[in-house]
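Going line by line, the protein sequences match chains Z and W. Every position in the first sequence, counted from 1, becomes a number in this note's numbering once 2 is added. Every position in the second sequence, counted from 1, becomes a number in this note's numbering once 17 is added. Take a look at the structure set out below.
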Amino acid sequence: MNEDMNRKTRNFILNCLALAALVAFLLWAPGNLDRYKLRIINLIAINAILGLSLNLIYGMTGMFSLGHAGFMAIGAYVSSLLILTAEQKTSMWILEPIAPWLLNLHAPFLVSLIAAGLAAAFFGWLIALPVLRLGGDYLGIATLGFAEILRILIVNLTPLTNGSLGLKGIPAHTDIWMSYGCLVAVLIFMIRLMNGNFGNVLRAVRDDEIAARTMGIDTFRTRVLAFTIGSFGGGLGGALMGNLITAIDPKMFMIAQTYSLLMIVVVGGLGSITGSVIGSVLITTMLEWLRIVEDPITIGSLHIPGIPGMRMVIFSMLLIAVIIFRREGIMGTREFSWDWFFPKKTKQRPISERPVSDTKGADAG
Amino acid sequence: MSLNMFIQHFINALGLGSLYGLIAIGYTMVYGILRLINFAHGDIFMLGAYFVYFATIHFKLPWGVGVVLAIAGATLCGLLVDRIAYRPLRSAPRISALISAIGVSFFLENLATVVFTGMPRAVVQPPWLMHPIPVRGIRLIPLGLMVPVISFLLVAGLLWIVYRTKPGLGMRAISFDIETTRLMGVSVDKIIALTFALGSALAALAGIMWALRYPRVEPFMGVFPGVKAFIAAVFGGVGSIPGAMIGGLALGFVEIMSIAFFPTLSGYKDAFAFVLLIVILLVRPTGLMGEKLEEKI
């Protein structure tokens with residue numbers, strides 16, 4: 003027991019240290035990195051939030067959803083419409099006048115973030131009720147359909163959304179403090195969720211629905227709840243994205259957006275919180291780094307013209323290769339744990355004596 | 018709406034619907050056998066259209082030769098997709114193959130953007146296909162009649178293959194139980210390859226006729242027809258070839274007629290199919306002609 007206490011104290015201290023290291027990095031970064039690098043660092047956090055929320059739906063509960071771009075769109079639009087001022091709105095809506103009730107609707111950034119998440123969660127809940135009765139790939143097609151219907155609605159409901167012109171001039175509220183603050187909050191929430199009883203319920207529903215039902219779990223309600231929480235994350239991520247890029251339009255939320263999130267989750271490992279974070283770091287930096295193949299390169303007298311579109315070709319080949327050769331991704335369903343760095347000194351206790359929390363990894367900051 | 022207008026819309030809907038049906042058949046055959054939504058199918062359709070564009074307009078080959086080459090090329094691509102991206106995953110969870118399919122679809126679209134450039138290209142329609150035949154005030158063009166006729170002939174031929182030939186028997190056996198079929202000495206991979214080849218050939222032909230009807234080709238032209246055709250397949254009942262054709266026609270009629278009667282809805286044209294999908298999945302998940310799929314426990 004004493005040893006277990008030691009381990010817990012040690013992990014707590016290490017978590018605090020990791021968090022302190024993150025804070026130190028965030029303090030250092032704005033003064034020392036250029037805007038492009040800062041933007042990528044922001045994107046990593048936002049993609050990690052989005053990947054985690056998709057992972058909750060797909061990796062942890064086993065619902066194949068392709069509708070995440072739709073939730074992002076809801077979040078981005080709700081948040082931007084709340085932040086933009088009345089003057090900005092009147093000058094932007096040139097095709098049709100804006101709906102009068104929307105014109106003077108205004109809220110501070112943080113409120114708009116929460117509203118964005120809640121709106122996405124509401125839509126997620128609304129479509130979950132009919133759609134989650136379907137299983138497997140039908141669910142994928144139905145959620146993809148939902149995201150497309152939503153995009154078509156955004157294009158056509160000009161008084162609400164300014165149609166295909168999109169929204170511009172959104173204040174750049176998302177700085178690295180904001181995005182990493184949200185990421186840490188989402189991480190703490192996810193770790194507590196998955197280490198608690200609800201996490202076990204989710205895994206049970208994913209791994210064997212019939213057994214879960216036999217144990218008295220209301221599988222449908224559990225799935226609806228997980229889906230709703232996941233859509234909240236999608237909306238939050240979309241809102242952060244909108245406030246980072248400062249301009250949004252319906253084309254941003256096409257199916258390709260969902261594919262890159264899927265890639266993050268699959269590469270990181272389905273069902274692993276650590277995996278989604280690693281996946282986000284890898285995929286986000288890789289997508290940026292691959293831009294070099296699209297730019298012309300001159301080595302000495304040799305001039306290689308850039309190939310537009312090539313990075314997505316490489317990206318999709320990588321997705322296929324990962325799924326064929328390493329289906330479980332980098333982490334599988336494992337989680338990061340500080341115990342990795344400390345060799346076990348004592349003999350392993352039999353499983354029956356171990357507390358439940360011992361079988362899972364501790365969290366990183 | 019006058020009767021003439023209605024007949025005009027009717028013929029349009031018949032043409033669009035039979036194209037959806039042709040694409041849907043490829044989805045339904047692969048899904049019936051492997052329980053896999055072949056997301057890349059819509060992109061095979063796109064490749065067929067591009068190949069015929071290059072053969073006839075770029076290299077000035079006669080249309081007949083161009084069509085044959087385009088179908089052969091697209092069929093080969095379909096076979097390669099199966100061999101490289103799906104066959105290694107036959108024993109993997111179904112969702113893995115589905116993600117692979119998404120990857121392939123994304124790959125083909127972006128490869129087309131790189132190779133053919135993202136610019137839409139105009140297809141020059143051969144004049145003999147477009148010369149109007151006036152029949153009592155209705156403007157009939159040969160292309161408009163040709164599309165449904167060819168589609169129905171092909172469906173008849175396909176039904177003959179599936180129900181009257183030995184490889185067809187193999188296909189039906191695999192869709193029933195793949196492992197037992199393998200034990201019976203059927204070379205399952207060859208039959209699956211044949212299924213992909215037939216589906217891709219039909220998709221390529223649909224792509225060619227699509228390129229003639231809406232005279233242009235572009236790398237992402239297969240995305241919407243592809244997803245809609247899958248919805249048509251679900252509507253008709255996944256696994257059923259006549260069902261796919263009926264589903265395609267139904268979708269074609271819903272799209273053309275609702276805009277003909279309610280022109281204000283034209284912005285929402287692409288949403289109809291998805292609404293139809295969600296409704297059909299809730300009301301009758303097995304589709305019109307579908308067999309009941311039982312959850313395996």
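All C-beta atoms, glycine included, are put in the ideal place defined by N, C-alpha and C. As the structure is a prediction and not an experimental result, all values here were calculated from the model.
Cα-Cα separation between residue i and residue j, rounded to whole angstroms
i: HIS148 (chain W); j: ARG156 (chain W); result: 10 Å
i: ALA174 (chain Z); j: ASN245 (chain Z); result: 5 Å
i: ALA71 (chain Z); j: ILE43 (chain Z); result: 21 Å
i: ILE150 (chain W); j: ARG313 (chain Z); result: 49 Å
i: ALA149 (chain Z); j: LYS207 (chain W); result: 37 Å
i: ILE280 (chain Z); j: GLY270 (chain Z); result: 6 Å
i: PRO6 (chain W); j: THR335 (chain Z); result: Outside the shown range of chain W (18 to 314) lies residue 6 (chain W), about which nothing can therefore be said.
i: PHE317 (chain Z); j: VAL132 (chain W); result: 16 Å
i: PRO184 (chain W); j: VAL172 (chain W); result: 17 Å
i: ALA30 (chain W); j: LEU266 (chain W); result: 7 Å
i: VAL267 (chain Z); j: GLY53 (chain Z); result: 6 Å
i: ILE231 (chain Z); j: TYR44 (chain W); result: 33 Å
i: ARG12 (chain Z); j: PRO345 (chain Z); result: 14 Å
i: ASN17 (chain Z); j: ASP177 (chain Z); result: 23 Å
i: GLY174 (chain W); j: GLY34 (chain W); result: 19 Å
i: ALA214 (chain W); j: LEU93 (chain W); result: 7 Å
i: ILE156 (chain Z); j: VAL292 (chain W); result: 16 Å
i: ILE258 (chain W); j: VAL152 (chain W); result: 33 Å
i: MET254 (chain Z); j: THR198 (chain W); result: 46 Å
i: VAL188 (chain Z); j: ILE51 (chain Z); result: 7 Å
i: ASP341 (chain Z); j: LEU284 (chain Z); result: 24 Å
i: ALA366 (chain Z); j: ILE325 (chain Z); result: Legend: pLDDT at ALA366 (chain Z) = 43, less than 50; position of this residue unreliable, no value from coordinates given.
Same chain, Cβ closer than 8 Å to residue i, five either side skipped, listed in chain order
i: LEU2 (chain Z); result: What is shown of chain Z runs 3 to 367, which leaves residue 2 (chain Z) out entirely.
i: ARG301 (chain W); result: none
i: PRO32 (chain Z); result: LEU40, ASP177 and ILE178
i: ILE309 (chain Z); result: VAL295 and GLU296
Spatial neighbours of residue i in its chain, beta-carbon cut-off 6 Å, leaving aside the 5 residues before and after
i: LEU146 (chain Z); result: LEU68
i: ARG230 (chain W); result: none
i: VAL98 (chain W); result: ALA57 and VAL121
i: LEU272 (chain Z); result: GLY61
i: SER114 (chain Z); result: SER81, LEU84 and ILE85
i: GLY311 (chain Z); result: none
i: GLY236 (chain Z); result: SER55, HIS70, PHE73, MET74 and ALA122
i: ALA277 (chain W); result: HIS26
Selected residue, minimal CA-CA separation from residue i, among the options
i: LEU112 (chain Z); options: Z:LEU97, Z:ILE250, Z:GLY77 and Z:LEU227; result: Z:GLY77
i: ASP251 (chain Z); options: Z:THR221, Z:LEU162, Z:PHE191 and Z:THR87; result: Z:LEU162
i: PHE229 (chain Z); options: Z:ILE294, Z:LEU141 and Z:ILE151; result: Z:LEU141
i: ASP209 (chain Z); options: Z:GLY198, Z:ARG225 and Z:LEU195; result: Z:ARG225
i: MET333 (chain Z); options: Z:MET94, Z:HIS305, Z:THR216 and Z:ASN57; result: Z:ASN57
i: ARG41 (chain Z); options: Z:PRO298, Z:ILE219 and Z:GLU290; result: Z:GLU290
i: LEU227 (chain Z); options: Z:VAL25, Z:LEU16 and Z:GLY126; result: Z:GLY126
i: LEU45 (chain Z); options: Z:GLU330, Z:TRP95, Z:TRP179 and Z:PHE66; result: Z:TRP179
i: ALA91 (chain W); options: W:PHE68, W:PRO105, W:ILE195 and W:PHE123; result: W:PHE68
i: LEU238 (chain Z); options: Z:PHE27, Z:ALA75 and Z:GLY137; result: Z:ALA75
i: LEU146 (chain W); options: W:GLY202, W:LEU160 and W:GLY95; result: W:LEU160
Partners in chain Z for residue i, counting only beta-carbon separations shorter than 8 Å
i: THR212 (chain W); result: Result: empty, since nearest Cβ-Cβ is about 18 Å, beyond 8 Å.
i: GLY135 (chain W); result: PRO310 and GLY311
Per-residue contacts from residue i into chain W (C-beta, under 8 Å)
i: ILE143 (chain Z); result: ILE54, VAL244, PHE247, ILE248, VAL251 and LEU294
i: PHE66 (chain Z); result: ILE112 and LEU115
i: LEU264 (chain Z); result: ILE116 and ILE119
Chain W residues whose Cβ lies nearer than 7 Å to that of residue i
i: ARG329 (chain Z); result: ALA109 and SER113
i: ILE332 (chain Z); result: Correct list: empty, because the minimum Cβ distance to chain W is about 15 Å.
Residue i: contacting residues in chain Z (beta-carbon distance under 7 Å)
i: ASN16 (chain W); result: Summary: the structure shown does not reach residue 16 (chain W), with chain W confined to residues 18 through 314, and so no result is reported for it.
i: PHE169 (chain W); result: Neighbours of PHE169 (chain W) on chain Z: none; closest Cβ ~27 Å, over 7 Å.
i: ASP60 (chain W); result: Near ASP60 (chain W) there are no residues of chain Z at all, since even the closest Cβ is about 11 Å away, more than 7 Å.
i: PHE124 (chain W); result: VAL315, SER318, MET319 and ILE322
Beta-carbon contacts of residue i that lie in its chain and below 7 Å, excluding the five residues immediately before and after
i: GLN142 (chain W); result: LEU229 and PRO232
i: ALA258 (chain Z); result: none
i: VAL255 (chain W); result: THR45, TYR48, GLY49, GLY304 and GLY307
i: THR361 (chain Z); result: Only weak support exists for where THR361 (chain Z) lies, its pLDDT of 44 falling under 50; the value from the coordinates is given anyway. Cβ within range, chain order: n/a, list empty.
i: ALA144 (chain Z); result: VAL133 and LEU136
i: LYS91 (chain Z); result: ILE100 and LEU105
Under 9 Å from the C-beta of residue i: neighbouring residues of chain W
i: PRO132 (chain Z); result: ILE295, LEU298 and LEU299
Interface residues of chain Z facing residue i [CB-CB closer than 9 Å]
i: LEU106 (chain W); result: ILE325, ILE326 and ARG329
Inset, instruction - Determine contact between the region 247 to 264 of chain Z and the region 155 to 172 of chain Z, defined as no fewer than three beta-carbon pairs at a distance below 8 Å. - result: Contact holds between the region 247 to 264 of chain Z and the region 155 to 172 of chain Z, because three or more Cβ pairs, one in each stretch, are under 8 Å apart.
Inset, instruction - Assess, as a yes-or-no matter, whether the region 248 to 265 of chain W is touched by the region 36 to 48 of chain W under the definition of 3 or more beta carbon pairs within less than 8 Å. - result: yes
Legend entry - At least three beta-carbon pairs within less than 8 Å, the region 197 to 217 of chain Z to the region 8 to 27 of chain Z: no
Inset, instruction - Evaluate the contact criterion for the region 238 to 246 of chain W versus the region 61 to 80 of chain W: three or more CB pairs, one atom per stretch, below 8 Å. - result: yes
Inset, instruction - Give a yes or no on contact between the region 77 to 95 of chain W and the region 181 to 201 of chain W, applying the rule of three or more CB pairs nearer than 8 Å. - result: no
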